[in-house]
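Reviewing the structure listed below.
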Amino acid sequence: MPTPAKKVPVRMCTGCREHKPKKELIRVVRSPEGEISIDFTGKKSGRGAYLCANEQCLAKARKTKQLERALETAIPDEVYEKLEHQLAQGSESV
Ligand SMILES: [Zn+2]
């Protein structure tokens, strides 16, 4: 793979821990109210963590608790389920 000449902003996926261009990743954000959601626009305020837009990386981040660590909060199962749901339908609607 050729290295791109231009410098693109890169973030680490909390699932596979690979560094990828920011626009290829989805942002999971914890709002000031403590609500966790997927931010497809990159504009929500709050603390963010990044994931590849696939369910494997979300599952990995869940298993290793990397997402909880990155967001500095406990994430209940129902929130992961919501994220999986958003992930499954989100990329098609954007
Ligand atoms: Zn990943």
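Sequential numbering from 119 applies to the sequence shown in the numbering used here. Here a beta-carbon is modelled for each residue, glycine too, at the ideal position from N, C-alpha and C. Fair warning: this is a prediction, and the values are worked out from it, not measured in the lab.
Beta-carbon spacing of residue i, residue j below 8 Å
i: Lys-207; j: Ile-156; result: In the sequence under discussion, the amino acid at residue 207 is Gln, which differs from the Lys named in the question. No, the Cβ-Cβ distance between Gln-207 and Ile-156 is not below 8 Å.
i: Ala-127; j: Lys-140; result: Contrary to the premise, residue 127 reads as Pro rather than Ala in this sequence. Yes. Within cutoff.
i: Glu-202; j: Leu-169; result: no
i: Gln-189; j: Ala-171; result: In the sequence on display, residue 189 carries Leu and not Gln. No, the Cβ-Cβ distance between Leu-189 and Ala-171 is not below 8 Å.
i: Thr-191; j: Arg-148; result: yes
i: Leu-143; j: Arg-129; result: yes
Buried or exposed (CB count within 10 angstroms, at least 16 for buried), residue i
i: Arg-145; result: buried
i: Gln-184; result: buried
i: Lys-178; result: buried
i: Arg-187; result: exposed
Identity of the residues DSSP links to residue i by a beta bridge
i: Tyr-168; result: Cys-131 and Arg-145
i: Asp-157; result: Arg-145
i: His-137; result: Met-130
Are there three or more Cβ pairs, one per stretch, closer than 8 Å when the stretch 192-206 is compared with the stretch 129-136? The answer is no - the stretch 129-136 does not touch the stretch 192-206, with fewer than three Cβ pairs under 8 Å.
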